[in-house]
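Each residue of the sequence shown is one higher than the one before, counting from 224 in this note's numbering. Ideal Cβ placement from N, Cα and C applies to all residues, glycine included.
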Amino acid sequence: MSTAAHNAHKEQVVQDHLIARLVAGEGYELRDAKADYDRALAMDRALILRFVQNTQPDEWTKLEGHYTSAAEDTFFKQLEKSLKDRGLLDVLRQGIKIVPGIKFALCYFRPASGLEPKRVTEYEANILSVMKEVEYSERHGGRLDVALFLNGLPVATMEAKNLLTGSNFRHAEKQYRQDRSPAGEPLLTFKRGALVHFALDEDNVSMTTRLQNGRTRFLPFNRGRDGGAGNPDIEDEFRVAYLYNSGEWGAAIFSRAVLLDIIGRFIHLDTSGKSEALIFPRFQQLDAVRKLMAHAGQFGAGRNYLIQHSAGSGKSNTIGWLAHHAINLHDTDDKAVFNTAIIVTDRIVLDRQLQNTVSQFEQTQGVVRKIDGTSKQLKQAIAKGARIIVTTIQKFSTEHLKEISGQGDRTFAVIVDEAHSSQSGKSAQAMTDALTRAADSSDDIEDIIAAYQKARGPQANISFFAFTATPRNVTLERFGTKGADGLPHPFHLYSMRQAIEEGFILDVLQNYMTYKAYYELEKAIEDDPQLSGRRGQSRVARYANLHPTAIGQKVEIIVEHFRRHVAKMLDGQAKAMIVTGSRDHALRYFFGVRDYIKAQGYTDLRALVAFSGELNFDGQTYTEADLTGFAETELPGRFDGFKPDGTPYPEQYQILIVAEKYQTGFDQPKLCAMYVDRKLAGLQAVQTLSRLNRTRPGKDQTYILDFQNAIEDIQDAFRPYFEVTALEANSDPNLVYDLEGRLFKFAYLDKDEIERFAATYYQGALDGHDRARLEGLVRQAVARFEADDDEGRQEEFRQLLRSYMRFYSFIAQVMKLEDTSLEKLYSYGAWLARLLPNRQIPPEIEITDDMLRLQKFKVEQKEQGDASLAAGDTAALKAISEFGAKPYTEDEKKELSEIVKAFNERHGTQFTQADMIRFEQVNEEILGDDLADMLRNNPPDVVYAAFAQAFFQGAVRMFQRDNEMRNIVLTDAEARDKATRHFFNRALRQVRDPGGASPPA
């Protein structure tokens, strides 16, 4: 057996290889642990002295002049005291001071630019060193495999295992927990000693910043493998080579560039919780920020980036790190790439959370400007050149922000938290407008329109960094990076699957149970004319879902399920959320839960309800604060059960009942169960159920009890986001011209009127006379519209105008459009859409108990099981390709073909499938009212009658100029029913799966 083969089976092979690579490739100095390591001080004294004396000779001369022979002892005494009092991180960043005002730096971080050669020289003078087999204790012979030092101070320790010996990184973790007690050991003491501790083998790495014996928690520090946990193979190297080698992943983690960047601008001490935590970036956080900055440094401002990071990925920290790196980024010519970083969130709950997170990275007072107040405050912050601004997207959409000028010569990194379709509409346009509009403007109307249009497309002075766990099709097209296949992809990915496999989030589909509610309604007043017609039917179905009898049965199931399965989790601190369909529904649930708990005599259970505004119930008006007894802002803390200082509140709450509020953007790791009584589809399903996935010690499973959805529907919702979100094809921008052409065919629009409208609209500030002139021009089109007695044509025009407005707004964000006639039509259309008359809507009918009788409401368990997705279980999102209707499935095409055949055989007609598809327009018309909500929230057998009546009336209007089709609809009940059933199923699919092919709302 050769020596090499024999050594391969020794445990030291991994650590020896790592050390050899650091010394040969990353400029590390190999030091002798026995000779150079001071166990009492946990440092390499000789190396510290070499660094300080070589880089700061004048300060050392002052020290010697003041303290003579005691200079060295004084220095180390003050250094040790600073490490104990302030911690290693602060000492490395701020240095130490010795009376009388002698200041020593213990590390020099990389300057943002090379314009100061002295600072570059100082950075290069840092000494990186490594020791192996470090005996760290004065009390016993405990040894650490590897320790890394920066200027003689220990920054990292490692325990390395060799898989060929039968041990792996888990054994290294166990060694840290059982044999590396931090008590009385300066090297292992939290804050005082090494910043991070790594457990590794050839394939995997984990890390921790705090050793706590058996309570030590290690986090994965892997790159990810095939969309899941682990590391990919590396040719001729261990899979963990990214720690000590440069490669396709960039510079090595332990390289001078990366390690000092981590220490200087990533690690931070989080004091917001009950105990302090030293936050060290996980691999995907570090990788994302460094790759984004490398790309922006090379290509400058004006780029879009999509970062698809799963829930639980530590997005708030990543965003904060990215903002601080962005404002310090310089290009190859040492010019600042971004003047200001603006962090934008469209979720109010996360706004303050992000503000607080970013402030923790604040190195200089005043760098971060928190915009808690009005948009005026935001306007002032931009005008004064604040470096980092944290705000919400709503504050960019106010009128006076459009007046901000002179921003075209400044560059912005706009970091968007949860980039959804809010970035495809007017809020995003207003933001881009505010950041790009130049102070001086041309008098040429065509130039001004082109400039407005330019502001909607990619901008040379603005880079968007969009973060989301669940990108929609519009998000991918707006922010994605085009790959070799010509399709947009995320710039950086950390998938839901990887987060689940690495244990950062829980698999919420693992314990998923659905309940299906069956109920029958019987009219109390059989022939009451008030109850006939579409709107009465809609309210009937909705009312049944809200009836106290139905909620009462569900309340019993929820409370007893919680008590039996959930209440004892997390040492009795487990929480649950009830997700309801509306504010009214939430209030009824609150009273139902409260009354049931009281009737059963349960004293260990309390519920809270969250809703905005006021609600009327049984003649009384309620607000959230009325029912909880404290302000809305206090609810998250009260539900958690502990005050900011860590002491418990006297009242403990276990159940939170919500409608829209807190359904997304609410981070409560104690949530262990969710009870769903509303229809969920697509992105909304993923975001809602993902409130459960946060981890905490002792939380190893979650429960979902669903009264409304099926397992297959929820799996379908999660599938596109489980690994990487893909898009099947790009939206065709030329569809915007198709829509424009179809609008003009109606003869309601006049091109000359639109030109005159634009000439006034784009001339600058508008006064009262201008507004009157504009309205007069638009009302000419309204008059032509009203003169048409064909309601079908009118409704088709309304739908097409809405589609044009949405699609142009979206497509102009994706690419620059040079055709100013499209922008003119967009501006004109915005006024026209507001002035067109609505269809007649009958008054609401107040339905009461004496008009209806609830005959039966039966709750049956339908499905129970594991709905988790497997590796490779993913699906691509559809591009925007159709307007007002979803594409046909194969089954629907087959059914439609059979209906066409039946029509033709029975009536001797020559209808085609294209003729039948005209019924789609009927669906688009009737789904404009409450019918969509009714279809979304109730079983098909309950709502079919209302749909059939509305569809019949719509079909008659639609085909009033097509006698052949109209006569069949009027006279042939069987044929009519076949068509109605077909388009009823189409309507159900449209309203229950809103994330598909429709343009952005």
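If we ignore side chains and look at the alpha-carbon of each, how far apart do residue i and residue j end up?
i	j	result
A452	R393	15 Å
G543	E857	25 Å
L376	G337	26 Å
S1050	R979	12 Å
E935	G608	51 Å
M430	K777	45 Å
L241	Y467	6 Å
F727	N349	35 Å
A904	D929	13 Å
D267	K705	50 Å
V1214	F1207	11 Å
Q276	A258	21 Å
R342	A982	56 Å
Y960	G525	27 Å
A692	P892	18 Å
K414	I486	13 Å
D610	N562	For clarity, residue 610 is Arg in the given sequence; the question names Asp instead. Rounded to the nearest angstrom, the two C-alpha atoms are 7 Å apart.
V832	D849	10 Å
H992	D1013	34 Å
Y1027	D973	17 Å
D939	A995	51 Å
R806	L838	8 Å
F503	S835	38 Å
Mapping DSSP to helix, strand and coil, what is residue i?
i	result
D402	helix
A809	helix
G473	strand
V802	strand
A383	strand
Y1167	helix
I550	helix
H363	coil
L411	coil
V1214	helix
E1148	helix
Y251	coil
V697	helix
K705	strand
R917	strand
G487	helix
N349	coil
E460	strand
Which term fits residue i, buried or exposed, when burial requires 16 or more other beta carbons within 10 angstroms of its beta carbon?
i	result
Y819	buried
D556	exposed
Q1003	exposed
H712	buried
V481	buried
E874	exposed
A519	buried
T803	buried
R488	buried
S645	Confidence at S645 is low in this model, with a pLDDT of 45, below 50, so the placement of that residue is unreliable and no value is reported for it.
D666	Note on D666: pLDDT 41, under 50, position unreliable in the model; the coordinate value appears next. Exposed, since its Cβ has fewer than 16 Cβ neighbours within 10 Å.
L1023	buried
P1060	exposed
E425	buried
R919	exposed
D730	buried
S352	buried
I believe residue i touches residue j by the beta-carbon criterion, under 8 Å. Please report the beta-carbon distance rounded to the nearest angstrom.
i	j	result
N374	L270	7 Å
A1247	F1142	Past the boundaries of the shown model lies residue 1247; the chain is included only from 224 to 1224, so the question cannot be answered.
F1170	L1154	7 Å
Measuring only between beta-carbons, confirm whether residue i sits less than 8 Å from chain C.
i	result
T412	Here there is only one protein chain, and chain C is not present.
#### Entry: Those runs of the alpha helix (DSSP H) which lie wholly inside the region 924-1004 and span at least 4 residues
Considered as a whole, the region 924-1004 harbours 934-945, 958-967 and 974-984 as its complete alpha helix (DSSP H) runs of no fewer than 4 residues, in chain order.
### Message
To test your reading of the DSSP string, which unbroken beta strand (DSSP E) runs of 3 or more residues are found completely within the region 800-882?
### Response
With a minimum length of 3 residues, the continuous beta strand (DSSP E) runs that stay inside the region 800-882 are 830-833, 837-840, 843-846 and 878-881.
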